[in-house]
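Undergrad:
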Amino acid sequence: MKKYKGLLAVIVCIAILGGCGVPKAANKDPEAGGTESSTERTTDSITDNSAKSATESSAVIPDASGIADKINEDSKPVYPPDFSTEKGIREYLIGEWTYDREYLNYCVLDPADVFAKMIIDKDLNVHLSFEDKYTNESKGEFTGKIEFDRLHAKPNEAPDLISIVLGEEDYPGGDYLFKNRTIYDGKCAMSLFFAGNGNHIFELLATEDIAYYAVDEIILEKVSCLKSELHPTKNHDFYAVSWGTGADGKSLWLDEVQWTPSEEYDPDPDYPTRMTLYEDDVQESVLYKIATDNMKEVLMENLVPGEVYYVRTDKQGYVIEFVNADFKEYIDGKNES
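Here it is as structure tokens:
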């Protein structure tokens with residue numbers, strides 16, 4: 530009996546160690562050196578204590594008191610995520626996602642005063658909670674189910690729509706297009722874009738004096754043990770999405786992208802403007818140091834995580850220029866006229 534117990538212990542250890550890995554991606558600069566740190570943290574899981582409905586149309590509502598530790602044990606992290614299958618989407622969604630932004634939107638930069646948490650278990654039961662960041666007052670807790678649907682995807686393709694089905698009649702969950710954004714500093718970032726009409730649950734992110742439509746992109750993050758093998762690029766100018774400053778306050782998490790702003794206003798676009806703002810072939814961020822001589826100038830820029838910036842680096846790969854992409858386009862156009 531002891532022999533079988535020992536064998537079982539070995540198998541469990543191998544399974545745990547296999548959960549974390551390094552994403553396979555092309556190096557944006559194979560000659561450059563540097564690493565970025567990643568932190569690990571276990572997260573909560575949902576235990577479904579509710580009874581299943583007798584009808585197929587009824588959603589299974591988990592008991593909020595059944596939230597336990599280590600929800601991420603339900604799946605192994607895979608990166609980049611496979612959105613070509615429903616199974617891949619499901620595995621990506623499992624975990625504890627948090628919303629903790631400084632700004633609610635990217636137009637007028639309304640402040641984000643609400644913290645939110647979305648926990649999804651392996652059966653796609655979901656628990657949502659919202660609270661005021663300054664008073665810790667709860668704005669509501671909700672339980673429900675994640676379902677998949679299609680907006681632009683064909684019947685033989687993977688779903689492109691996440692539907693949050695809640696048991697609360699007064700608060701519709703909503704339908705959302707979704708996009709993986711990046712990994713950085715031990716976190717994985719995902720964006721949701723409301724794709725329906727009427728109201729949706731994430732309107733609770735907006736305070737009473739800010740219109741609900743101000744929530745143009747919902748960026749959620751979950752802790753991940755994944756880390757990038759990419760390195761800073763040297764003597765390079767490019768567009769990148771900033772995901773915040775490093776722990777030392779003298780560096781930036783940047784994900785190089787192809788900036789693709791819309792040249793003309795489209796009153797009825799197929800996809801939300803924020804969803805098509807840029808293309809990202811390698812969804813991984815790199816920690817770039819800021820050149821000492823340019824430190825004050827760079828940090829004076831209004832740093833908005835998730836926004837696109839024009840970046841220029843020196844021969845060491847340090848950032849020497851960092852400007853909001855829209856503002857740079859405006860200045861360049863003004864200089865040409």
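With the first letter of the sequence shown counted as 1, position 103 gets the number 632 in this note's numbering; the numbers rise by one all the way through.
Glycine included, each C-beta is placed from N, C-alpha and C at the ideal position.
Quick one: grab the DSSP three-state call for ASN764.
TA: For this step, residue 764 is matched to residue 235 along the sequence shown. ASN764: coil per DSSP, three-state reduction.
Undergrad: Measure the alpha-carbon distance for VAL655 versus TYR794 and round it to whole angstroms.
TA: Translated into positions along the sequence shown, residue 655 becomes position 126. Translated into positions along the sequence shown, residue 794 becomes position 265. Spanning the two alpha carbons is a distance of roughly 36 Å.
Undergrad: Applying the 10 Å Cβ sphere with the 16-neighbour rule, what's the burial state of ALA597?
TA: Here residue 597 refers to the residue found at position 68 when the sequence shown is read from its first residue. The pLDDT assigned to ALA597 is 40, lower than 50, so where the model puts this residue is not dependable; a value taken from the coordinates is nonetheless given after this. Exposed.
Undergrad: Return helix, strand or coil for ASP855, following the three-state DSSP convention.
TA: In the sequence shown, the residue the question calls residue 855 occupies position 326. ASP855: helix per DSSP, three-state reduction.
Undergrad: Can you name the start and end residues of the beta strand (DSSP E) that LYS708 belongs to?
TA: Numbered from its first residue, the sequence shown carries residue 708 at position 179. Its beta strand (DSSP E) spans residues 703–713.
Undergrad: Throw me the rounded Cβ distance for the ASN709 and GLN812 pair, which I believe falls under 8 Å.
TA: What you label residue 709 is simply residue 180 of the sequence shown in a count that begins at 1. What you label residue 812 is simply residue 283 of the sequence shown in a count that begins at 1. The Cβ separation is near 6 Å, so the contact holds.
Undergrad: Are the stretch 782–791 and the stretch 813–821 touching by the rule of at least three beta carbon pairs closer than 8 Å?
TA: With a cut-off of 8 Å, the stretch 813–821 and the stretch 782–791 count as touching, because enough Cβ pairs lie within range.
Undergrad: Between the stretch 848–857 and the stretch 643–661, can you find at least three pairs of beta-carbon atoms closer than 8 Å?
TA: Touching, no, given that fewer than three Cβ pairs across the two stretches are closer than 8 Å.
Undergrad: Below 6 Å CB to CB, which residues in the same chain sit around THR614 once its five sequence neighbours on both sides are set aside?
TA: By 1-based counting over the sequence shown, the position of residue 614 is 85. So the list reads ALA687, once near-sequence residues are dropped.
Undergrad: So for PHE612, helix, strand or coil by DSSP?
TA: In the sequence shown, the residue the question calls residue 612 occupies position 83. PHE612 falls in the coil class under three-state DSSP.
Undergrad: Are three or more beta carbon pairs between the stretch 627–637 and the stretch 832–848 nearer than 8 Å?
TA: Taking 8 Å as the limit for Cβ pairs, the verdict is that the stretch 832–848 does touch the stretch 627–637.
Undergrad: I'd like the list of long-range same chain contacts for LYS818, defined as Cβ closer than 6 Å, with 5 residues on each side in sequence excluded.
TA: Taking the sequence shown and counting its residues from 1, one reaches residue 818 at position 289. The answer, listed in chain order, is SER780, TYR847.
Undergrad: Hey, how far is the Cα of TYR800 from the Cα of ILE849?
TA: The residue given as residue 800 occupies position 271 in the sequence shown. The residue given as residue 849 occupies position 320 in the sequence shown. Straight-line Cα distance between these residues: approximately 34 Å.
Undergrad: Judging by CA-CA distance, which residue of TRP626, ALA776, ASP810, LYS857 is the nearest neighbour of LEU759?
TA: Counted from its first residue, the sequence shown places residue 759 at position 230. Considering only alpha carbons, the answer is ASP810.
Undergrad: Mind checking ILE675: buried by the 16 CB within 10 Å criterion, or exposed?
TA: Stepping through the sequence shown from its first residue, residue 675 is reached at position 146. By the neighbour-count rule (16 or more Cβ atoms within 10 Å), ILE675 is buried.
Undergrad: Express the C-alpha separation of LEU721 and PRO610 in angstroms, rounding to a whole number.
TA: Within the sequence shown, the letter at position 81 stands for residue 610. Within the sequence shown, the letter at position 192 stands for residue 721. So the two alpha carbons sit approximately 15 Å from each other.
Undergrad: For HIS765, tell me which candidate among TYR839, THR789, LEU734 has the shortest Cα-Cα distance.
TA: Numbered from its first residue, the sequence shown carries residue 765 at position 236. It is TYR839.
Undergrad: Taking the alpha-carbon positions, what's the LEU680 to LEU749 distance?
TA: Numbered from its first residue, the sequence shown carries residue 680 at position 151. Numbered from its first residue, the sequence shown carries residue 749 at position 220. Each residue's Cα considered, the two are about 21 Å apart.
Undergrad: Which parts of the stretch 763–802 are runs of the beta strand (DSSP E), unbroken and 3 residues or longer, counting only runs that do not cross its ends?
TA: Counting whole runs of 3 or more residues, the stretch 763–802 contains the beta strand (DSSP E) stretches 766–774, 780–788.
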